[in-house]
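**Student:**
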Amino acid sequence: SIANMETKIARMEAEATQYMQRWALQRYKAFANIGGEQSFSFVLLDRNGDGVMISSIHGRDESRVYAKSISAGKANYPLSDEEQEVLAAAIKKRN
41 SIANMETKIA RMEAEATQYM QRWALQRYKA FANIGGEQSF SFVLLDRNGD GVMISSIHGR
101 DESRVYAKSI SAGKANYPLS DEEQEVLAAA IKKRN
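In case it helps, this note's numbering puts the sequence shown at residues 41 to 135.
The following block contains the structure:
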C-alpha cells in the first residue's frame, strides 16, 4: 500500500543520513626540511557532518598517525591549518 511505501521511504531517508558520503583528502609537507608531500589528512563524514579524520604526519625520523572524531562538522580536538582545510572541503560536498 502507499502508506507502507511512504513508511519505508521515510526509514530509508533517515538511514541515508548515517552513510559516509562526504570526504576529502589533502597531502602536504608538514616540515620544511622534509622533501615531498608525505603527510596527509583524510576526513570521512555522513550527511550530518559526523565522522572521522585521520592524519599522518611524516617526519625524517618518525611518522605519527592521529584519529580525530568529528561531530556536526566540528572536530572534538584542535586541528592544524591543513586539517581545517580538509574538513572544510568535505563539508562543502553536499549530497
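For glycine and all other residues, C-beta sits at the position ideal for the given N, C-alpha and C.
From which residue to which residue does the beta strand (DSSP E) around R104 run?
**Tutor:** Within the sequence shown, the letter at position 64 stands for residue 104. R104 -> beta strand (DSSP E) spans 103 to 111.
**Student:** Touching or not, the segment 45 to 65 and the segment 100 to 113, by the rule of three or more beta carbon pairs under 8 Å?
**Tutor:** Verdict: no, contact absent.
**Student:** Go to L119, then tell me how far its beta strand (DSSP E) extends in each direction, as first and last residue.
**Tutor:** Reading the sequence shown from its first residue, position 79 is the one you call residue 119. From DSSP, L119 is part of no beta strand (DSSP E); its letter is neither H nor E.
**Student:** So, does the segment 41 to 53 touch the segment 71 to 81, judging by three or more C-beta pairs under 8 Å?
**Tutor:** In short, these stretches do not touch, since the Cβ pair count stays below three.
**Student:** Please name the residue, chosen from Q78, A129, Y59, R67, that lies closest to D101 on a Cα-to-Cα basis.
**Tutor:** Looking up residue 101 in the sequence shown gives position 61. Taking only the C-alpha atoms, the option nearest D101 is Q78.
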